[in-house]
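A.B. asks: There's a structure below that I have some questions on.
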Amino acid sequence: MADAVTEFVLTPEQQDLRRAVRRFCAERLGEDTVRRLAESGTGHDPALWARLGGELGVLGLAVPEELGGAGGGLVDQAVVAEEFGAALVPGPVLGTVGLAVPALVALAGAGLDEDLLASLVEGARTAAFAVPDRGGRFDPALVTVTETGGALTGEVRHVVDGTADVLLVAARTGEEIGLFLTDGGERIPLSTLDRTRRQATVRFSATPARALAVGAGAEQAITAALRVGGALLAAEQVGGAQRMLDRTVAYAGTRLQFGRPIGSFQAVKHRCADMLVLVEHARSTAFHAAWALQDGTDDPDLAVAVAQATCSQAYQQVAQESVQLHGGIGFTWEHAAHLYLKRAVTDAALLGSAAEHRERIAQLVLDGASASGGVRVATG
Amino acid sequence: MADAVTEFVLTPEQQDLRRAVRRFCAERLGEDTVRRLAESGTGHDPALWARLGGELGVLGLAVPEELGGAGGGLVDQAVVAEEFGAALVPGPVLGTVGLAVPALVALAGAGLDEDLLASLVEGARTAAFAVPDRGGRFDPALVTVTETGGALTGEVRHVVDGTADVLLVAARTGEEIGLFLTDGGERIPLSTLDRTRRQATVRFSATPARALAVGAGAEQAITAALRVGGALLAAEQVGGAQRMLDRTVAYAGTRLQFGRPIGSFQAVKHRCADMLVLVEHARSTAFHAAWALQDGTDDPDLAVAVAQATCSQAYQQVAQESVQLHGGIGFTWEHAAHLYLKRAVTDAALLGSAAEHRERIAQLVLDGASASGGVRVATG
Amino acid sequence: MDDRARVEKAAHEVVEEHDPRSVPVREFLAAWFAAGLTWVHFPEGLGGLGVSRGLQARANAILQGAGGPNPFFLNPIGHGMAAATVLEHGSRELAQELLPPLATGEHIWCQLFSEPGAGSDLAGLATSAVLDGDEWVVNGQKVWTSFAHRARYALLLARTDPDQPKHKGLTYFVLDMHAPGVETRPLRQMTGQAEFNEVYLTDARIPDTHRLGAVGNGWRVAMTTLMNERSAIGGSSSVRGAGAIADAVELWARYPQRHTPVLRDKLAALWTRAEAQRLTDERARRSATSGSPGPEGSIAKLVSAELNQHVYEFCMELIGPEATLYGDYTQRDAERNEDYRGPVQQRFLRSRANTIEGGTSEVLRNILGERILGLPGDLRADAGKPWKEVPRG
Amino acid sequence: MDDRARVEKAAHEVVEEHDPRSVPVREFLAAWFAAGLTWVHFPEGLGGLGVSRGLQARANAILQGAGGPNPFFLNPIGHGMAAATVLEHGSRELAQELLPPLATGEHIWCQLFSEPGAGSDLAGLATSAVLDGDEWVVNGQKVWTSFAHRARYALLLARTDPDQPKHKGLTYFVLDMHAPGVETRPLRQMTGQAEFNEVYLTDARIPDTHRLGAVGNGWRVAMTTLMNERSAIGGSSSVRGAGAIADAVELWARYPQRHTPVLRDKLAALWTRAEAQRLTDERARRSATSGSPGPEGSIAKLVSAELNQHVYEFCMELIGPEATLYGDYTQRDAERNEDYRGPVQQRFLRSRANTIEGGTSEVLRNILGERILGLPGDLRADAGKPWKEVPRG
């Protein structure tokens, strides 16, 4: 204890950051705005996005200053992601901030397009990450897009924020995997369950693209991006779950049935207590992952897998309980609960399911376990 | 509906039978007696057993009259098993009534030892079933005892009631499996978790034995016995779970904390409601299995697997909840809850775990499933 | 001729004289009613033959065997709740007026019980009915009403005496949904659909002859209706593997590339639970001595609601990335007798209401604990107080 | 010299002058106490140096680095609960008398709170203390007492005014366990062991100087003790994968023939939950502004109790048929500072008490709901009533 920066203890600057983002979201991204954008064609307001990048400056907090970012750490960005998740901020939060920007940062010195990175951080342009994953980790065998002569051919499904201005695309080039940049390709928007987090199928047919990296450099950048994306997605999940818990507790404290607040019934109170535990666990694992990636203090694979396994389950469970404890009103279109439930279901399926992350955890902690000493078994 | 004998509807005779057994257990096999026997060397009182077989006549209800039994159906025996489970009757209930007797009945006409069967039904002798199973079903590959020249060699572990007078033993004889009868072998009692349901390791070393059946006949008898044993074990589990539910409800209705019965708190009341559902499900599946085996009205494998998967989980869950809802007193040696918990844990491990039975259910209902029509998936 | 033969004879005559495959449905059902086959245990002249309720299954079997419709699905509230309530608590004249068009589906019925402020605490409802001459004047707002936009009549529970404790100040009415002051608005759900309605009552008038039961006796009358409702919602199919679990098994077969041993075990566990509940329903049905729905309905409702949710959660996990897609949120007014359940993602969302509608799982666990197990009731904040003094909101 | 340097210097001096590897434990701990290192935040002369509690970790690190004992394990109730309570609520003379032998482990302490009729409802306890001159005469029965058979002193909560509402009529004492009228009997558990005791109090006498806090103020004094207890029970290890989950992982490695993908997923889920709780404990520790245990302790206790149970349920499933065996039910008096946990079957049985002892999970969920989330309290049957008029049993 008592290090200058202690894991889990937010600095005063980070607390200010949190308050600023929360205020911005409350003023500019209230539920009405979120609903309006959710029902719009693109699901996204470029002007608002530019304000998040410019005025507020919270889209590239972990990007080094020399690359046009704020030069902070991933924990800063996680603080922002938590608030974004709480407010259900629509737009390319995951595609651009969660995946594309970290990939570009990882490519620093190796083909990095600094102008692009700066414009993404400013919110002037958007990007998505057209790289298939298996359980949130990169598997070259899944790459079906091919590159020949500076052009891409193939299809990637379920690209989050896939209608963004530019795409980072994993493609086979000869025997290797490369990471390519293109603003082309056919973008076929999908009809998503969560209209605040859009996806598209992306089709390339001799689409011109520029190589950012090939071989080990490309794979390292992809792996880094998927890890950061997993940690930031977990922070978003924490924010959504906390917001649903808060709203449920507020409702249970004021809604009267049988002449008393429903929160005075143990059936309701104890479920809220269980939601509290879920949210606390989610927050601990999400921020531990951000700290571990930022400071290199833990196995990044394990930290992210624990966060994703925990947060995906917690958010879904909390959102479902929230609907239940609101009763009929929580099932209506007018109430916000379903917006969070749909986000929770969506986030749980992105960058690896909880089951897939548990499998990774099992590989890391069980497969090498030894049976030295310890617990005995009575053998009759 | 409206058949002469409807599944799930007990006849007046079966209801009388239930009352008679319940009365006998209350008078002769109360908790003090059960505890005394549990702490005794053999865990079993031969005189009491003989009264169950003779005076009460409830050890061979499904045995045809011409073989010395009552000529009833398996449902009659399940009614008795439920009461035995409720009273934690010690002695060879599973080994003799659940497994050995059904095996001998299945052998009718093929080497059956009628005198033996009659003496088992009368409670004059006891038997156990030294046949390894995998998930409650017979797997010839597990048989390691071998027979040559009328003598057995090998070991069987975890034989329930393995210190019984005689053993039915599965053994390899040449290329085939045979079912053998012996009163020999070394019987090594195990120190069991549940002292009312004993086990032994049985070792044969050129132990004389008589062949009851060899080949298909032996395997059919073993399969029949394991199915009947599974159904009767499920009925015992129902009895134990119901007894624990009843005691818990009685306690919750009278124990006062905070000036009111603890059962008036939803935290307690709702757990009792969940226990009720578990017990009701267990009863439905256990008696369906008995009816299905008795009348051939359902796939016997499926009916027994559903009963075992359901009852093993239900009994353990109910017993654990019962300890919890009794609070500290339920954790003491003096209170009966632990006797039932230990029985529940034991029964869940015998004749296949719930997980193994679920695997069997999956084989039967999922592996052949077809995707015709039905539910669509929104594909964006 | 015994009752069974009498029912069979009457049923065979109707289907012979009015081939349900060719005669218009209402005409056929009018003949079915006239023959006393709609509810065989009802009195003669009111759609019945005055015989045991158990014989209804025999009549229905003949009806279905001849290709006839299921009258219940044409008018679920009418058949499932209204008919028995009107018969038991209305005058014979009222029953003669209301039952024939109910039986034929000419008059669809709905139920006006729940209110925004009275969900689990239904008896706390606030809609008022005040006597004015020989008419009652009704004001209030009802919600979660199926079929309201198509219904001709409603079962209405309203408060007639706010000075009484809440259960004692209620009265039960039949409301003409075409009366002035009755306004129906669709209520959109998270699925995008509007399966239910809100109903606003503004000085709507009901003749006193359309009161069911005595003034102040409405709660007792409503209990019959609710028992029937829970039984109807909870009653699982008697066919093994049918219902929600069938969706999961079909999806399992369609997504072999998504199979894992863990999902396989999960689905087997769900299937086993569905089967255990099916057998429990079957056991309750067979061992029931009376024909009226009892507390077993509460077990069925509790289990099937939670099971439905777990089944569709499983389905969403099974289909993986496709769970993040959704066809169409365009608002549509869904009706129970078409396939309103949609693709599996929609079924998942719809299942979230299962543990709320028709009695929350929390209320049902209280019922199981108190009415079946005999545990003591919750402490009550509103016990014995005049309704108007109990805090609401 | 700042406080940290002062603590470090004192600690190094003690371990240099009294090598904990060779000096008898009590002698060493007496020197440790004299140097003010037992509880550094306590006043000088009472085992402390009057510095920040956070520096205790530094002192302990030096102690353990030199191979010294963990004083807590030698006297868990004494260190975990009694010391702070005596310091805060006793006179300085009393603290000077009681703390040195407590610190060295010469006097083991126990806690006499729970009664057969007062479990979750601890404040409803019935043991009476009546003033007779300058002594209190105590009668009653206590239960679930660890270490009672070895203890010299007990923290006792007794009722001094039955006419007050239950929380207001309690007073807190230090009881000499060697006094006449104090009888200790082992209480056998389902494991066969007797880890706890019943204590019967028959006209046992306590000098008024051994009262902690004012007459009638016992509940407030007890709250400090209980917060410390919950924190001590619930506090999980800060080492990843330690505790109960380590047993499961070791068994997993020892039973490869029993591996299935379903069990693998289950164990991974348990491990993940244990890790999430460990991180949550860590987060609470690091962001705590005060050094005293807060409501986070209730989360830790709730989660670790249920997790322990699930871990040992998993172990029993993993070992299959061997779960049906048990070494030895012979009654033994177990003590917390030896390995009383035994083989895994015994640990499974022992874990069933985790959700009862030190606050049931039901009570803890109420605490989380009310004290952390701010939800309204349960309706109370005993609010404001004199204790003697509240039904008990």
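Protein chains in written order, with this note's numbering: chain A, 1 to 380; chain F, 1001 to 1380; chain Z, 2001 to 2393; chain R, 3001 to 3393. Note that the Cβ used here is the ideal one computed from N, Cα and C, for glycine as well.
1) Determine the closest residue to Ser2120/Z out of Val2239/Z, Val2138/Z, Asn2366/Z, with distance taken between C-alpha atoms.
2) Identify whether Pro2261/Z lies in helix, strand or coil by the three-state DSSP scheme.
3) Within the continuous alpha helix (DSSP H) that includes Glu2088/Z, where are the two ends?
4) Checking the sheet assignment: what are the DSSP bridge partners for Val2199/Z?
5) Since Val156/A sits in a beta bridge, which residues does DSSP pair it with?
6) Compare the C-beta of Arg3185/R against all C-beta atoms of chain F and say whether one is closer than 7 Å.
7) My output table needs one value for Ser2292/Z: the three-state DSSP class, helix, strand or coil.
8) Which parts of the region 1159 to 1244 of chain F are runs of the beta strand (DSSP E), unbroken and 3 residues or longer, counting only runs that do not cross its ends?
9) Mind checking which residues open and close the alpha helix (DSSP H) that includes Phe287/A?
10) Do you know whose CA, among Phe3042/R, Val3014/R, Ala3323/R, lies nearest Gly3065/R's CA?
11) Of all the alpha helix (DSSP H) runs that stay within the bounds of the region 3009 to 3078 of chain R, which reach a length of 4 or more residues?
12) Can you tell me which residues form a DSSP beta bridge with Phe3173/R?
13) Could you spell out where the beta strand (DSSP E) holding Thr1146/F opens and where it closes?
14) Distance check for Met1244/F and His3107/R, CA to CA, integer angstroms please.
15) Does Phe1008/F have its Cβ less than 7 Å from a Cβ in chain Z?
16) Specify the secondary structure class of Ala2249/Z as computed by DSSP and reduced to three states.
17) Going along the chain, which residues of its own chain have a beta-carbon closer than 7 Å to the beta-carbon of Leu3122/R, five neighbours each way excluded?
18) Anything in chain F within Cβ reach of Phe258/A, meaning under 7 Å, just list it in chain order.
19) So for Leu351/A, helix, strand or coil by DSSP?
20) Below 8 Å, how does it come out for the region 3131 to 3139 of chain R and the region 3201 to 3217 of chain R: are there three or more Cβ pairs, yes or no?
21) Within the 7 Å Cβ cut-off, does Gln324/A reach chain Z?
22) Can you find a CB in chain A that lies within less than 7 Å of the CB of Trp3271/R?
23) Taking Cβ positions, are Cys1311/F and Gln1242/F nearer each other than 7 Å?
24) Note down, in chain order, every chain A residue with its Cβ under 8 Å from the Cβ of Ser1191/F.
25) Assign Leu3157/R to one of two classes, buried (16 or more other C-beta atoms within 10 Å of its C-beta) or exposed (fewer than that).
26) I need the DSSP call for Ser2128/Z, collapsed to helix, strand or coil.
27) Mapping the DSSP letters down to three states, classify Ile3206/R as helix, strand or coil.
28) Do you know how far the Cα of Gln3141/R is from the Cα of Thr3184/R?
29) Using 10 angstroms around the beta-carbon of Gln3193/R, count the other beta-carbons present and answer buried if the total reaches 16, otherwise exposed.
30) Return no unless some Cβ of chain Z is closer than 7 Å to the Cβ of Thr196/A.
31) So, for Asp298/A: in the same chain, excluding its five sequence neighbours on each side, which residues have a beta-carbon less than 6 Å away from its beta-carbon?
32) Going along the chain, which unbroken runs of the alpha helix (DSSP H) with 4 or more residues stay wholly within the region 313 to 369 of chain A?
33) Let me make sure I understand the geometry here. Which of Gly2068/Z, Ser2128/Z, Ala2214/Z has the alpha-carbon closest to that of Asp2019/Z?
34) Tell me, please, which residues DSSP counts as bridged to Trp2136/Z.
35) Check each residue of the region 3110 to 3127 of chain R: if its Cβ is closer than 8 Å to any Cβ of chain Z, include it; give the result in chain order.
36) Pop quiz: Pro2261/Z and Val3262/R are said to be a contact at Cβ under 8 Å. What is the actual Cβ separation, rounded to whole angstroms?
C.D. replies: In short:
1) Asn2366/Z
2) helix
3) 2083 to 2089
4) Lys2142/Z, Thr2184/Z
5) Val202/A
6) no
7) Caution applies to Ser2292/Z, whose pLDDT of 49 falls short of 50 and renders its modelled position unreliable; the value that the coordinates give is listed next. Correct three-state label for Ser2292/Z: coil.
8) 1166 to 1173, 1176 to 1182, 1186 to 1189, 1199 to 1208, 1210 to 1214
9) 266 to 295
10) Val3014/R
11) 3025 to 3034, 3056 to 3065, 3071 to 3074
12) Leu3156/R, Arg3211/R
13) 1146 to 1148
14) 43 Å
15) yes
16) Note that residue 2249/Z is Val in the sequence shown here, rather than Ala. It is helical.
17) Phe3113, Ser3114
18) Those within 7 Å of Phe258/A in chain F number zero; the least Cβ separation is about 12 Å.
19) coil
20) yes
21) yes
22) yes
23) no
24) Ala378, Gly380
25) buried
26) strand
27) strand
28) 10 Å
29) buried
30) no
31) Ala292
32) 337 to 349, 354 to 365
33) Gly2068/Z
34) Leu2131/Z, Ile2206/Z
35) none
36) 6 Å
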